[in-house]
Every structure is written in structure tokens, then in C-alpha cells.
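Step one of this worksheet: look at the structure below.
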């Protein structure tokens with residue numbers, strides 16, 4: 001599958017989304033384990049499994065160099081008169 005260049009887009013590459021999705025899944029697993037915490041040790045196991053999945057996602061993010069997907073836009077210049085704020089004056 002050929003990757004297309006998203007010039008000026010904030011879409012990111014597919015490999016970056018894999019890393020982010022892995023971290024998100026780990027966070028969901030940990031959160032599900034935290035909501036059911038009690039005397040049962042299986043909930044703690046679920047929390048730590050989620051932490052492990054998130055750690056794998058973080059390693060993937062480093063390997064895939066997700067920070068290179070950042071698009072730097074030119075700074076925005078706005079006229080003061082276009083800004084309507086009660087604290088302006």
C-alpha cells in the first residue's frame with residue numbers, strides 16, 4: 001500500500017495511528033480494570049495488562065517516530081480589531 005503525502009494536513013501516517021490506537025486500547029483496558037477495583041486481584045491484573053499494552057504502544061511510537069508527522073503551520077496573524085473580547089479594552 002502506497003502512502004500518500006498529505007501536504008498541509010494533520011492526518012498523520014498509518015503507522016502513527018497504529019501506535020496511538022495501541023496506547024488508547026491500553027488506556028481503555030486499564031480504565032476498565034480501575035472501575036471494578038475491589039478485593040479481586042484480577043482487576044489489578046487487568047490494570048497492569050493495560051499499562052503493558054500502553055507501554056508497547058509507546059515503544060511503537062518511538063520506533064515509528066510519530067513526532068516526525070507533526071505539521072508546522074505558519075503563525076497566525078490576526079488584527080486586533082477582529083478580536084472581540086470583553087477584556088480587550
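Numbering (full-length UniProt numbering), first residue to last: 1 to 89. Virtual Cβ for every residue (Gly too), placed ideally from N, Cα, C. Since this is a predicted model, take the numbers as computed values, not measurements.
- By the neighbour-count definition (other C-beta atoms within 10 Å, threshold 16), residue 30 is a buried residue.
- Residue environment analysis places residue 70 among the exposed positions, since fewer than 16 neighbouring C-beta atoms fall within 10 angstroms of its C-beta.
- If you draw a straight line from the Cα of residue 21 to the Cα of residue 57, it comes to about 8 Å.
- In its chain, beyond the 5 residues on either side, 18, 19, 22 have a beta carbon closer than 7 Å to the beta carbon of residue 60.
- Residue 72 carries a coil assignment under DSSP once its states are collapsed to helix, strand and coil.
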